[in-house]
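This report concerns only the one structure given below.
Number of protein chains: 2
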Amino acid sequence: MLKQFQIPDGDVIRVDSYSLRKVVKDIFINCGVSEIESEIGSDVLVSTDLRGVDTHGVSNMLRIYVKDYQDGKLNPSSNMKIAKESISTINIDGDNGLGILQGPTAMEYAIKKAKESGVGIVTLYNSGHIGAVGHHARIAADNKMVGICLTAGGTLVLPTFASESRTGTNPISLAAPSNKYPYFLFDAATSSIAGNKVRLVARNGTKLSAGSIGDENGIPIMEPMSVDVSEDFIDIPNLLPLGGNRDQGSHKGYGLSLFVEILCTILSGNVPNMVDPNGNLCHFFAAFNIESFTEYNIFISNMDAMLETLLNTPSTSEADRVIYPGIMEYENEQDRIENGIPLHKEVVEWFSSTSKLMKIDSVKLL
Amino acid sequence: MLKQFQIPDGDVIRVDSYSLRKVVKDIFINCGVSEIESEIGSDVLVSTDLRGVDTHGVSNMLRIYVKDYQDGKLNPSSNMKIAKESISTINIDGDNGLGILQGPTAMEYAIKKAKESGVGIVTLYNSGHIGAVGHHARIAADNKMVGICLTAGGTLVLPTFASESRTGTNPISLAAPSNKYPYFLFDAATSSIAGNKVRLVARNGTKLSAGSIGDENGIPIMEPMSVDVSEDFIDIPNLLPLGGNRDQGSHKGYGLSLFVEILCTILSGNVPNMVDPNGNLCHFFAAFNIESFTEYNIFISNMDAMLETLLNTPSTSEADRVIYPGIMEYENEQDRIENGIPLHKEVVEWFSSTSKLMKIDSVKLL
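Structure representation (structure tokens):
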């Protein structure tokens, strides 16, 4: 993650990941979620923090989930219902449940289909926020498969040449197993930056990169810029598609966001939020059974060959090394299991006050 | 397509698309390709020109295919062989045939699997150049399905922070049917620009956009630049991943190129060109049977609602309108069927001399 998005050193408090798992689970239970789904939700969020994906871990979203449960916007006792099924596909109605609790189950369905027929595709609609999509893709890789997870929702992003935002940040993830090197895990928004990063630079007093957002008329801002915490567009930030402006390829980022929208939302029989702002979120899961295409050992050895080639590629003067998607996440995980998860002191305070209110144990500081 | 990549007005000659189909077919036949595959090859290339994707039509690649047949590098009488098959998947050995002749058949296999089981996935290895991937994705849309086609090969693109190029331009395409509006067709490289665009701006004397290529040390060039036709990097252009540099999201374009590499190359049991530069190209085809997820009429009506919302979005002062992937291609097709396909005069000369050598009729000028 770029420096401007990281927690300033003086504001970091490290917490024990096991105690964090416990308190997050207890918070979900307190919201009326079943014990087994609370365990899943806690695993999704804390695993995401362990991998260093701080934007999608406990810090930003958990308090929103809690509020949505308390306000009756999310169904804590949702039952996923199969709306349509074929030999290799399932379309699921999420019953207005939280996506992070449903994603792992949806991916397990895809894996089961893939074992039987080579590939499994699951679409999940009428669902809530799914967290970091890579978490769900990874479940396939843990089962000797290639996994894809996509999610669509929101209208924070400007189509190329548009003066009003229409599409979601619609991220794409793919996970694939390897042997000698940490597994491959790609997970990225199809917009230049994720929505809450505007908030992060405002809080940190740093700058957004060129090509991150458009101005109030939608014109791409192609130089680094500060964000005042009082500015209106923190909530409606006019994010740019990956590429920034048309000259630098924003039509590709825009097209990729629609790629995700079609597979998640329209394939599952729904309209995107640009048509119905009150619609729920939709997700897409794919599992490819490697043994249906080639031998598993050939696959992981070829993955190793590719990853090794990338790691051995000489770097420019801008960086110490060339990496691949997944390796930094692996290194973070090793560090954070051992040394705890760094949270912003404000987040730790939220855990303390919430635990007190809910009468549960709070998180253990290190 | 940006102005700097278009043929200068004075160099344009319009040719009749039906006569172009005939001459391209005859050229394939002259290279030893069967009549039926020659017809397919001609259809792929000329349809691509009709849609306005000039980079991937008859102008740039056909002469390379002819040379590769003549030099014995491509097998004109290849037989696609099924290497592995499951209920929903097929892995095919392309027998060193040309990809554009094999892609439509591979997608037909995927469609057949999808009819039977909801989704069909076909990987095709040991194959040649596949042309515009969108052409093959579109075949699924013509069959009331969502289609995806990906292709991987080459080492023209710099990974983020790398000083040497490693990945291919590895494009992604998705086609989806609609009703009231022209169908959706996204087709784009995961690099900032396609490789032959460096050649185009050199020929046209125009400039590359910021973030298109890296310098001789791999450092991203973040301002517009001219390209001298004599410069070495026209052949090894150090293309940047979509995003340009790390600050503007090149790690996402880089990750997407590996996403494509894994699904095309490693899933089919092969290593990418960064590991074996002599390896052939690999492709990936997916067909999703819409009726297995929702009702077809709901799907196309929801597609229409999304496309209409995008078309009705007010544009910035930079452009006349907001478009979506596929609509300009549709408009080009209407124009070019009626008024002919614009080719560079140098390309028309190539057709004349090649036709004479092969003793076939040349293309009809308009």
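Each protein sequence line maps, in turn, to chains A and B.
To convert, take the position in the first sequence, counting from 1, and add 349; that gives the numbering used here.
To convert, take the position in the second sequence, counting from 1, and add 349; that gives the numbering used here.
By construction, the Cβ of each residue, glycine as well, lies at the ideal position given by its N, Cα and C atoms.
Considering only beta carbons, the part of the stretch 602-620 of chain A lying closer than 9 Å to chain B consists of 602, 603, 604, 605, 607, 608, 610, 611, 612, 614, 615, 616, 617, 618, 619 and 620, in chain order.
For residue 351 (chain B), the neighbours in chain A by C-beta distance under 8 Å run, in chain order, 595 and 596.
If you draw a straight line from the Cα of residue 586 (chain B) to the Cα of residue 510 (chain B), it comes to about 16 Å.
Between residue 437 (chain A) and residue 617 (chain B), the CB-CB gap reaches or exceeds 8 Å. Taking C-beta atoms under 8 Å as the contact rule, residue 478 (chain A) and residue 447 (chain A) qualify, at a distance of about 7 Å. Under the three-state reduction of DSSP, residue 645 (chain B) is assigned to helix.
For residue 693 (chain B), the enclosing beta strand (DSSP E) stretches over residues 690-693. Residues of the stretch 392-411 of chain A with a C-beta less than 8 Å from any C-beta of chain B: none at all. Taking C-beta atoms under 8 Å as the contact rule, residue 606 (chain A) and residue 504 (chain A) fail to qualify, at a distance of about 11 Å.
Residue 534 (chain A): not part of any alpha helix (DSSP H); member of the beta strand (DSSP E) spanning 533-537, first to last residue. Closer than 9 Å at the C-beta level to chain B, one finds these residues of the stretch 486-505 of chain A: 495 and 497. Within the stretch 656-678 of chain A, those residues whose Cβ lies closer than 8 Å to any Cβ of chain B are, in chain order, 658, 659, 662, 663, 664, 665, 666, 667, 668, 670, 671, 672, 673 and 674. Residues of the stretch 430-446 of chain A that bring their beta carbon within less than 7 Å of a beta carbon in chain B comprise 433, 435, 436, 437, 438 and 440, in sequence order. With distances taken between CA atoms, residue 463 (chain B) lies nearest to B:489 out of B:475, B:709, B:389 and B:489.
Listed along chain B is no residue with a C-beta nearer than 9 Å to that of residue 519 (chain A); the closest approach is about 12 Å. The DSSP-derived three-state label of residue 404 (chain A) is helix. Taking the Cα of residue 428 (chain A) as reference, the smallest distance to any Cα among A:714, A:631 and A:445 is reached at A:445. For residue 566 (chain B), the closest Cβ of chain A is nearer than 8 Å. The shortest C-alpha to C-alpha distance from residue 562 (chain A) to any of A:573, A:554 and A:441 is the one to A:573.
Rounded to whole angstroms, residue 627 (chain A) and residue 384 (chain B) show a C-alpha spacing of 54 Å. Beta-bridge annotation (DSSP): residue 638 (chain B) is paired with B:494. Among the residues of the stretch 456-472 of chain B, those with a Cβ less than 9 Å away from any Cβ of chain A are 462, 463, 465, 466, 467, 468, 469, 470 and 472, in the order of the chain. Burial is judged here by how many other beta carbons sit within 10 angstroms of a residue's own beta carbon; residue 629 (chain A) has at least 16 and is buried. For the pair residue 559 (chain B) and residue 673 (chain A), the Cα-to-Cα distance works out to about 24 Å. The stretch 591-609 of chain B makes contact with the stretch 530-545 of chain B; the number of CB pairs closer than 8 Å reaches 3 or more. Taking residue 357 (chain A) as the centre and dropping the five residues before and after it, the same chain places the C-beta of 553 closer than 8 Å to its C-beta, in chain order.
With a cut-off of 8 Å on Cβ pairs, the stretch 608-617 of chain B is not in contact with the stretch 575-594 of chain B, counting fewer than three such pairs. Shown in chain order are the members of the stretch 636-658 of chain B whose Cβ falls below 8 Å from a Cβ of chain A: 637, 638, 639, 641, 642, 643, 644, 647, 648, 651, 652, 654, 655 and 658. DSSP places residue 545 (chain B) in the uninterrupted alpha helix (DSSP H) bounded by 545-553. With at least 16 other beta carbons inside 10 angstroms of its own, residue 374 (chain A) counts as buried. Our two residues, residue 351 (chain A) and residue 596 (chain B), have alpha carbons roughly 8 Å apart in a direct line. Proximity of chain B to residue 634 (chain A) at the Cβ level (cut-off 7 Å) is not reached, the minimal Cβ distance being about 12 Å.
Inclusion of residue 685 (chain B) and residue 366 (chain B) in the CB contact set at 8 Å is warranted, their separation being smaller than that value. Residue 386 (chain A): member of the alpha helix (DSSP H) spanning 384-399, first to last residue. Distances from the alpha-carbon of residue 475 (chain A) to those of A:518, A:481 and A:430 put A:430 closest. Counting only runs of at least 3 residues, the stretch 413-443 of chain B fully encloses the following beta strand (DSSP E) elements, listed from N- to C-terminal order: 430-434.
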